[in-house]
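*Asks:* Note that our numbering has the sequence shown beginning at 1, numbered continuously upward.
From the three backbone atoms N, C-alpha and C, an ideal C-beta is built for every residue, glycine too.
Starting off with a structure, shown below.
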Amino acid sequence: MKVVSFSLEEGNKYFGRIDGRRFYIGSRVPYQDGKGLANSTGTVQQKYDRKQFRERYGFWADFIHPTAMAEGALFHTLNTYDRAFFTFSFLQFGAHVPNGDFVVYMRALLKLPLATEYFPDLVLVGERVCRLTDTGPVQIESDTSTAGLCDYLNPTVKEIEDTEVIQAARFVHWAQNDALNRQTQIDVGVTHFRRNMAQYAIRYGLDGAPAAICLAIADIRHQGHAKSAAIISALASPKPLDALLGLGAALYPQRVKVLRREIGVLTADGTFGGLKYSVAKGDFVH
1 MKVVSFSLEE
11 GNKYFGRIDG
21 RRFYIGSRVP
31 YQDGKGLANS
41 TGTVQQKYDR
51 KQFRERYGFW
61 ADFIHPTAMA
71 EGALFHTLNT
81 YDRAFFTFSF
91 LQFGAHVPNG
101 DFVVYMRALL
111 KLPLATEYFP
121 DLVLVGERVC
131 RLTDTGPVQI
141 ESDTSTAGLC
151 DYLNPTVKEI
161 EDTEVIQAAR
171 FVHWAQNDAL
181 NRQTQIDVGV
191 THFRRNMAQY
201 AIRYGLDGAP
211 AAICLAIADI
221 RHQGHAKSAA
231 IISALASPKP
241 LDALLGLGAA
251 LYPQRVKVLR
261 REIGVLTADG
271 TFGGLKYSVA
281 KGDFVH
């Protein structure tokens, strides 16, 4: 079992120690009337690199890249201060969504060889995340709620609890020290985007739509900064890509800046290359 110790240093920085190794967990940050942890600091080697995964995922390795860059891209990106209670991974999976990306990631993690080392009190029962208690396993996520899982990870967003720091330390350390953890993040991310793209194509009439348009919509829905009515309205404008990106400009200017930059890179280097989404294929085609 991975034993976690931690300390608060330099005023607002939490450092952990696992297996004798000291590492940065995250910084204490205020948000609205609460507090939480944030970690968006790391090296280039700790970031998602689309080129390393093209052989396995094809164009989808590139498709998720702009959103990854907008979300921090680090495999240990952490946020525990907002309504999601606990977000983690290079795409910032959120724990608040039943059957969402974080829950799927958590289920997959519990199947990895190191699961009992990092989370000895969690098990899968019938593909549901359960917490071990003296009276047996208790399910902490369902089709309708992740309240139990959020409480396990981060009891409140009002203050930073020891539990929150310890669980964050486990996630950060595991992601930094196990390639299977990082691979699981990518598997979950690509599967999530592919499945959602098939749904968006039907909902927004995207059969034959250029990759850049699809990317902008996938990012909006991933981050949640616009509703379907606004997306449909933007698609009907003379310049739909600009209109879609503009939906997040007021509240998230830095995110939009990153997306514009990365879309420009993918266009300039030929990655998009005239690719369009095919409903029949459930994929991008020339």
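Along the chain, where does the beta strand (DSSP E) containing Asn-39 start, and where does it finish?
*Replies:* Here residue 39 refers to the residue found at position 39 when the sequence shown is read from its first residue. From DSSP, the beta strand (DSSP E) with Asn-39 extends over 34-39.
*Asks:* Can the beta-carbon of Gln-176 be found less than 8 Å from the beta-carbon of His-286?
*Replies:* Taking the sequence shown and counting its residues from 1, the one referred to as residue 176 is at position 176. Taking the sequence shown and counting its residues from 1, the one referred to as residue 286 is at position 286. Contact: no.
*Asks:* In the region 96-126, which residue ranges form an unbroken beta strand (DSSP E) of at least 3 residues, counting only runs that do not cross its ends?
*Replies:* With a minimum length of 3 residues, the continuous beta strand (DSSP E) runs that stay inside the region 96-126 are 122-125.
*Asks:* Pairs of beta-carbons, one from the region 217-224 and one from the region 238-249, closer than 8 Å: are there three or more?
*Replies:* The region 217-224 is in contact with the region 238-249.
*Asks:* If we count the other Cβ atoms within 10 Å of its Cβ and call it buried at 16 or more, is Thr-184 buried or exposed?
*Replies:* Here residue 184 refers to the residue found at position 184 when the sequence shown is read from its first residue. The residue is buried, with at least 16 neighbouring Cβ atoms inside 10 Å.
*Asks:* For Ala-70, tell me which candidate among Arg-194, Ser-27, Tyr-14 and Ile-263 has the shortest Cα-Cα distance.
*Replies:* Counted from its first residue, the sequence shown places residue 70 at position 70. Residue Ile-263 is the option with its Cα nearest to Ala-70.
*Asks:* What are the start and end residues of the beta strand (DSSP E) that includes Phe-284?
*Replies:* Taking the sequence shown and counting its residues from 1, one reaches residue 284 at position 284. Element bounds for Phe-284: 283-285.
*Asks:* By a C-beta neighbour count over all protein chains shown, 10 Å radius and 16 as the cutoff for buried, is Met-1 buried or exposed?
*Replies:* Here residue 1 refers to the residue found at position 1 when the sequence shown is read from its first residue. Label assigned to Met-1: exposed.
*Asks:* Specify whether the region 197-213 and the region 255-262 touch according to this definition: at least 3 beta carbon pairs, one from each stretch, less than 8 Å apart.
*Replies:* They do not touch, by the three-pair rule.
*Asks:* Going by the C-beta, is Asp-242 closer than 7 Å to any heavy atom of the ligand FMN?
*Replies:* Absent from the structure shown: the ligand FMN. Ligands present: none.
*Asks:* Output the distance between the C-alpha atoms of Gly-273 and Leu-266, rounded to the nearest integer angstrom.
*Replies:* Within the sequence shown, the letter at position 273 stands for residue 273. Within the sequence shown, the letter at position 266 stands for residue 266. If you take the alpha carbons of Gly-273 and Leu-266, they lie about 9 Å apart.
*Asks:* With a threshold of 8 Å, are at least 3 pairs of Cβ atoms found where one atom belongs to the region 146-153 and the other to the region 16-27?
*Replies:* Too few Cβ pairs lie closer than 8 Å, so no.
*Asks:* Quick check on the burial criterion: 16 or more other C-beta atoms within 10 angstroms. Buried or exposed for Ser-237?
*Replies:* For the purposes of this step, residue 237 is taken as the residue at position 237 of the sequence shown. Answer is exposed; the Cβ neighbour count stays below 16.
*Asks:* Alpha carbon to alpha carbon, what distance is there between Val-103 and Thr-87?
*Replies:* By one-based count along the sequence shown, residue 87 stands at place 87. By one-based count along the sequence shown, residue 103 stands at place 103. Distance between the alpha carbons of Thr-87 and Val-103: 11 Å.
*Asks:* To the nearest whole angstrom, what separates the beta carbons of Val-157 and Phe-93, a pair I think is in contact under 8 Å?
*Replies:* The residue given as residue 157 occupies position 157 in the sequence shown. The residue given as residue 93 occupies position 93 in the sequence shown. Incorrect: roughly 17 Å between the Cβ atoms, too far for contact.
*Asks:* When you compare only the Cα positions, how much space is there between Ala-38 and Thr-67?
*Replies:* One-based indexing of the sequence shown puts residue 38 at position 38. One-based indexing of the sequence shown puts residue 67 at position 67. So the two alpha carbons sit approximately 18 Å from each other.
*Asks:* Near Glu-161, what residues of its chain come up, given a Cβ to Cβ distance below 6 Å and the 5 sequence neighbours on each side ignored?
*Replies:* Numbered from its first residue, the sequence shown carries residue 161 at position 161. If we look at Glu-161 and ignore the five residues flanking it on each side, its Cβ neighbours are Pro-155.
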